[in-house]
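> After the structure tokens below, expect a handful of questions from me.
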Amino acid sequence: MTYFLKKINQVKKDKHILKNIDLAIESNSIVAILGPSGSGKTTLLNILAKIDQPSSGEFTSESDQNPKGIMVFQEYLLFPHMTVAKNITFGLRMSKVKRDDIKERLAKITEVMGISDLVDRYPDELSGGQRQRVALARAMILRPKLLLMDEPFSSLDENLRIEMLNFVQQIQSQFDVTIVFVTHYKNEAYLLSKRIAILIDGSIKQISEPEQLESDPIDIEVAKFLGQANFISGKVTGNTFDSLIYRGEVELKNNPQGYLYIPYANQVTLEKTEYPAFFAEVVNKVWLGSVERVTVRMDSVTVSFDCRPNLVKIGDQYSFYFDKKPVVY
Amino acid sequence: MTNRKNIILLSLPFCLFFLLFFLSALFKSLITSFGYYPVLNMKKFTWEYYISALSDASFLSISWRTFLFSVVSAFLACIIGMMIAITLYRHKKDRGIVFRITELPVMLPHIFVVIALFQLLSQTGVVPNILIHLGLLQSTEQFPLLLNDNYQIGVIITYLYKEIPFVIVSLMLVLRQMNDKYEVVALNLGANKFQTFWNVTLPMIQTALVNAFIINFSFNFGSYEVPFLLGNQQKELLPVYIYNYYVQGDITQIPLVMSLNMILSVFSIVFAAVLLVISKKIPGGRIGGNR
Chain A
1 MTYFLKKINQ VKKDKHILKN IDLAIESNSI VAILGPSGSG KTTLLNILAK
51 IDQPSSGEFT SESDQNPKGI MVFQEYLLFP HMTVAKNITF GLRMSKVKRD
101 DIKERLAKIT EVMGISDLVD RYPDELSGGQ RQRVALARAM ILRPKLLLMD
151 EPFSSLDENL RIEMLNFVQQ IQSQFDVTIV FVTHYKNEAY LLSKRIAILI
201 DGSIKQISEP EQLESDPIDI EVAKFLGQAN FISGKVTGNT FDSLIYRGEV
251 ELKNNPQGYL YIPYANQVTL EKTEYPAFFA EVVNKVWLGS VERVTVRMDS
301 VTVSFDCRPN LVKIGDQYSF YFDKKPVVY
Chain B
1001 MTNRKNIILL SLPFCLFFLL FFLSALFKSL ITSFGYYPVL NMKKFTWEYY
1051 ISALSDASFL SISWRTFLFS VVSAFLACII GMMIAITLYR HKKDRGIVFR
1101 ITELPVMLPH IFVVIALFQL LSQTGVVPNI LIHLGLLQST EQFPLLLNDN
1151 YQIGVIITYL YKEIPFVIVS LMLVLRQMND KYEVVALNLG ANKFQTFWNV
1201 TLPMIQTALV NAFIINFSFN FGSYEVPFLL GNQQKELLPV YIYNYYVQGD
1251 ITQIPLVMSL NMILSVFSIV FAAVLLVISK KIPGGRIGGN R
């Protein structure tokens, strides 16, 4: 079953928050919606959760004209006056499911989530990670077909966040649920999903796999949002680009604004290629584990990129090359 | 240590005032209610006056009437106040002019409201006269008796006028701290609007609501001037009954009056304590962490 968002627009107080969103979400998959704060991510999830209605457009699925996703919120939002058990079973109790069924489903879901020993506790007696597991259990006990996650792990520390992301993948395959995961951390999106939609200023700019996104952002907005790149301004004439550090042939993107795109990873090398880049002095190196982030300077311009460790020395000058034809946005 | 000393020194004037005036009066009332009244050479402690009060049928029936009246007035104020507070909050009017207007009656003295009601709702008041001018009534006698009536309607209107705004102000403080997304979560998990109110919103405000109810009830149960001015003298309420006893001039009855006073006070305190215990036990009584 596929979910379809067709020409979704959301206008509130004269502000156009979502603009013609078209998106197909395959069932039993995880789709990450990645975008900066204020780009309309939560507004979009609210529409999928039927918390809000779009100004125009529709959200349907192949088997259900009015699908509704169950949401896991960023701030957990566990009811503070209820125990973990009461929180988790809230939806079932409201739907008047039989007590025995509720008991059985509670036992199962708390076991899967690893929170069986917490059922009698109150939310303020739990850690951040435990609270998020309870929030996830509260949604999953309803056996939703579509689970919506609104930056659910943004307040957790790095290790716990990675643990929870792995856990979400396990949950997805175990329960055959479709997950729409919203985040503004690209690493979170890359870890979780093979299909990422970039939402900037209310529009979906690009839907790609992580590798494709990094190597070939569709426009300068996406490239700048993804970060981890240098943008060198210059002049475009025909297929050539002229700047303080580089003059030569380039690949031009749609409506180029005159910015040479040099991502930190997989673009600059010391090995000779057919695309000579620049001759520059190494001014700084930062160890990042498997690579070093090298900063080089030529005249007044500095450029950073990743290299194999100990390949260059600070103070020495080198000729650098582009791995492939550079791109200008 | 210095900090503690400062706190003691700063609170000393209040403590002295409290001990001198409140506790001494309470102590005097207590010993007098047990028959210790040296002015009349009565120095023997006895339960006699309590037994006499509790076996007095008119006292018991007046107490029951006052209790019911106080509970109903306080309950109505809480329900109406809660509905208005939630409506104002949901429509984001909790800081605007509408909210400020609802706050106004809290500041007005009871006597102002009593006189205003006389001017408006007595049979010679403004409202019946307007109705006559509009042709809706033929004479002022047709206007229902709302003041000094059998059902204490005038008293209830006065209390509601003062207490509904008090409930609104009390609840608004809690509602402003409450994350309104809890209601969104409940709806998303499949609850309907009533279930969301009953299971999520109400428990989160119930402690503030119970506190407002206790304050309203205690005031209604012990208030003298409003029932005296607007109540029905044939169906008097307890404070009026006790005060009439006190001023009738028979000082041998003072221990009995004091025992009535003590019963009224102890009942109020016990009732409040029971409500607080119930509030702790029901959903919302145990809340920790962020709301």
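Chains as they are written, first to last, in this note's numbering: chain A, 1 to 329; chain B, 1001 to 1291. A virtual CB, placed ideally from N, CA and C, is assigned to each residue, including glycine. As the structure is a prediction and not an experimental result, all values here were calculated from the model.
1. With burial defined as no fewer than 16 other Cβ atoms inside 10 Å of the residue's Cβ, what is the status of Leu-1224 (chain B): buried or exposed?
2. Could you please give the first and the last residue of the uninterrupted beta strand (DSSP E) stretch that includes Tyr-259 (chain A)?
3. Since Gln-206 (chain A) contacts Val-222 (chain A) with CB under 8 Å, what's their CB separation in whole angstroms?
4. Short check: CB of Leu-260 (chain A) to CB of Val-250 (chain A), under 8 Å?
5. Mind pulling the chain B residues with CB within less than 8 Å of Ile-51 (chain A)?
6. Looking at chain B, is there any beta carbon in it that lies within less than 8 Å of the beta carbon of Met-71 (chain A)?
7. What separation, rounded to the nearest whole angstrom, lies between the Cα atoms of Ala-1272 (chain B) and Leu-1137 (chain B)?
8. Can you name the residues that DSSP bridges to Phe-322 (chain A)?
9. Tell me where the beta strand (DSSP E) around Lys-15 (chain A) begins and ends.
10. Using a Cβ-Cβ distance cut-off of 8 Å, determine whether Arg-1176 (chain B) contacts chain A.
11. Going along chain B in order, which residues have a C-beta closer than 9 Å to the C-beta of Arg-138 (chain A)?
12. Could you check what DSSP says for Lys-1235 (chain B) in three-state terms: helix, strand or coil?
13. DSSP beta-bridge partners for Ile-51 (chain A)?
14. Does DSSP put Asp-101 (chain A) in a helix, in a strand, or in coil?
15. Is there a C-beta anywhere in chain B that falls below 8 Å from the one on Gly-91 (chain A)?
16. Considering Cα atoms alone, identify which of B:Asn-1150, B:Ser-1122 and B:Ile-1156 is closest to Thr-1140 (chain B).
17. For the segment 117–132 of chain A, enumerate the residues whose C-beta is nearer than 8 Å to any C-beta of chain B, in chain order.
18. Would you tell me roughly how many angstroms separate the C-alpha atoms of Ile-102 (chain A) and Lys-86 (chain A), rounded to the nearest one?
19. Straight-line CA distance for Lys-19 (chain A) to Ile-262 (chain A)?
20. Less than 8 Å between C-beta atoms, sequence neighbours within five positions excluded: which residues of the same chain meet that for Leu-156 (chain A)?
21. Relative to chain B, which residues along the segment 144–155 of chain A have a C-beta separation below 7 Å, given in chain order?
22. Is the separation between the beta-carbon of Ile-331 (chain A) and that of Ala-137 (chain A) shorter than 8 Å?
23. Compare the C-beta of Met-94 (chain A) with all C-beta atoms of chain B and state if any pair is closer than 8 Å.
24. For Met-298 (chain A), does the three-state DSSP call read helix, strand or coil?
25. Contact criterion: CB-CB distance below 8 Å. Does Leu-45 (chain A) meet it with respect to chain B?
26. Which of the residues in the segment 1228–1247 of chain B, read from start to end, lie with their CB under 7 Å from any CB of chain A?
27. Would you say Asn-1179 (chain B) reaches chain A, if we count a Cβ-Cβ gap shorter than 8 Å as a contact?
28. For Gly-1289 (chain B), is the classification buried or exposed, using 16 other Cβ atoms within 10 angstroms of its Cβ as the cut-off for buried?
29. In this structure, does DSSP put Leu-1187 (chain B) in helix, strand or coil?
30. Going along the segment 224–257 of chain A in order, which residues come within less than 8 Å of chain B, judged by CB to CB distance?
31. Given Val-1155 (chain B), which residues of its chain have a CB within under 6 Å of its CB, disregarding the five upstream and five downstream residues?
32. For Leu-48 (chain A), would you say it is in contact with chain B, using Cβ-to-Cβ distances shorter than 8 Å as the test?
33. By how many angstroms is the C-alpha of Gln-1152 (chain B) removed from the C-alpha of Gln-1233 (chain B)?
34. Suppose you measure from the CA of Ile-1062 (chain B) to the CA of Leu-1068 (chain B); what does that come to, to the nearest Å?
35. Is there a Cβ of chain B sitting closer than 8 Å to that of His-184 (chain A), yes or no?
36. What are the residues in the segment 16–39 of chain A lying within 7 Å of chain B by C-beta distance?
Taking the structure as given:
1. Reading the second sequence from its first residue, position 224 is the one you call residue 1224 (chain B). The sequence given here has Tyr at residue 1224 (chain B), not Leu. For Tyr-1224 (chain B), the number of other beta carbons within 10 angstroms of its own is below 16, and it is reported as exposed.
2. As a position in the first sequence, residue 259 (chain A) is number 259, starting the count at 1. Tyr-259 (chain A) -> beta strand (DSSP E) spans 259–263.
3. If you number the first sequence from 1, residue 206 (chain A) lands on position 206. If you number the first sequence from 1, residue 222 (chain A) lands on position 222. Your pair Gln-206 (chain A) and Val-222 (chain A) checks out as a contact, with CB atoms roughly 5 Å apart and the cut at 8 Å.
4. One-based indexing of the first sequence puts residue 260 (chain A) at position 260. One-based indexing of the first sequence puts residue 250 (chain A) at position 250. A contact, by the Cβ cut-off of 8 Å.
5. For the purposes of this step, residue 51 (chain A) is taken as the residue at position 51 of the first sequence. Near Ile-51 (chain A) (Cβ distances below 8 Å), the residues of chain B are Val-1184, Leu-1187 and Asn-1188.
6. Here the question's residue 71 (chain A) lines up with position 71 in the first sequence. Chain B contact via Cβ: present.
7. Position 272 of the second sequence, counted from the first residue, corresponds to residue 1272 (chain B). Position 137 of the second sequence, counted from the first residue, corresponds to residue 1137 (chain B). In a straight line, the C-alpha of Ala-1272 (chain B) is about 45 Å away from that of Leu-1137 (chain B).
8. In the first sequence, the residue the question calls residue 322 (chain A) occupies position 322. A:Val-268, per the DSSP bridge assignment.
9. Residue mapping note: residue 15 (chain A) aligns to position 15 of the first sequence, counting from 1. From DSSP, the beta strand (DSSP E) with Lys-15 (chain A) extends over 15–26.
10. The residue given as residue 1176 (chain B) occupies position 176 in the second sequence. Not one chain A Cβ lies under 8 Å of Arg-1176 (chain B).
11. Position 138 of the first sequence, counting from 1, holds the residue named residue 138 (chain A). Within 9 Å Cβ-Cβ: Val-1185 and Leu-1189.
12. As a position in the second sequence, residue 1235 (chain B) is number 235, starting the count at 1. Helix, per DSSP.
13. Here residue 51 (chain A) corresponds to residue number 51 of the first sequence, with the count starting at 1. DSSP lists no partner for Ile-51 (chain A).
14. Working through the first sequence from its first residue, we reach residue 101 (chain A) at position 101. Residue state, collapsed to three classes: helix.
15. Counting from 1 along the first sequence, the entry for residue 91 (chain A) is found at position 91. It does: the Cβ of Gly-91 (chain A) has a partner Cβ on chain B nearer than 8 Å.
16. Taking the first residue of the second sequence as 1, we reach residue 1140 (chain B) at position 140. The option with the nearest alpha carbon to Thr-1140 (chain B) is B:Ser-1122.
17. Only those residues of the segment 117–132 of chain A whose C-beta falls short of 8 Å from the nearest C-beta of chain B are listed: Tyr-122, Pro-123, Asp-124 and Glu-125.
18. In the first sequence, the residue the question calls residue 102 (chain A) occupies position 102. In the first sequence, the residue the question calls residue 86 (chain A) occupies position 86. Looking at the two C-alpha atoms, the distance is approximately 10 Å.
19. As a first step, residue 19 (chain A) is located in the first sequence; it is residue number 19 there, counting from the start. As a first step, residue 262 (chain A) is located in the first sequence; it is residue number 262 there, counting from the start. Lys-19 (chain A) and Ile-262 (chain A): Cα-Cα distance of roughly 30 Å.
20. Counting from one through the first sequence, the residue named residue 156 (chain A) turns up at place 156. The residues are Gly-128, Gly-129, Gln-132 and Met-164.
21. none
22. Nothing about residue 331 (chain A) can be read from this structure; chain A reaches only from 1 to 329.
23. Mapped onto the first sequence, residue 94 (chain A) falls at position 94. Chain B contact via Cβ: present.
24. Position 298 of the first sequence holds residue 298 (chain A). If DSSP states are grouped into helix, strand and coil, Met-298 (chain A) belongs with the strands.
25. For the purposes of this step, residue 45 (chain A) is taken as the residue at position 45 of the first sequence. So, not an interface residue.
26. Going along the segment 1228–1247 of chain B in chain order, one finds no residue with a Cβ nearer than 7 Å to chain A.
27. Counted from its first residue, the second sequence places residue 1179 (chain B) at position 179. Taking 8 Å as the threshold, the shortest C-beta distance from Asn-1179 (chain B) to chain A falls below it.
28. As a first step, residue 1289 (chain B) must be located in the second sequence, where it is residue number 289. Its pLDDT being 47, under 50, Gly-1289 (chain B) is placed unreliably by the model, and nothing is read from it.
29. Residue numbering aside, residue 1187 (chain B) sits at position 187 when the second sequence is read from its first letter. Of the three classes helix, strand and coil, the one that applies to Leu-1187 (chain B) here is helix, per DSSP.
30. none
31. Sequence index remark: in the second sequence, residue 1155 (chain B) carries index 155 (1-based). Correct list, in chain order: Val-1226, Pro-1227, Leu-1230 and Gly-1231.
32. Taking the first residue of the first sequence as position 1, residue 48 (chain A) is located at position 48. Chain B, which has no Cβ nearer than 8 Å to the Cβ of Leu-48 (chain A), makes this no.
33. Start at 1 with the first residue of the second sequence, and residue 1233 (chain B) comes out as number 233. Start at 1 with the first residue of the second sequence, and residue 1152 (chain B) comes out as number 152. Cα to Cα, the separation comes out at about 10 Å.
34. Start at 1 with the first residue of the second sequence, and residue 1062 (chain B) comes out as number 62. Start at 1 with the first residue of the second sequence, and residue 1068 (chain B) comes out as number 68. If you take the alpha carbons of Ile-1062 (chain B) and Leu-1068 (chain B), they lie about 10 Å apart.
35. Start at 1 with the first residue of the first sequence, and residue 184 (chain A) comes out as number 184. Cβ-Cβ to chain B under 8 Å: no for His-184 (chain A).
36. none
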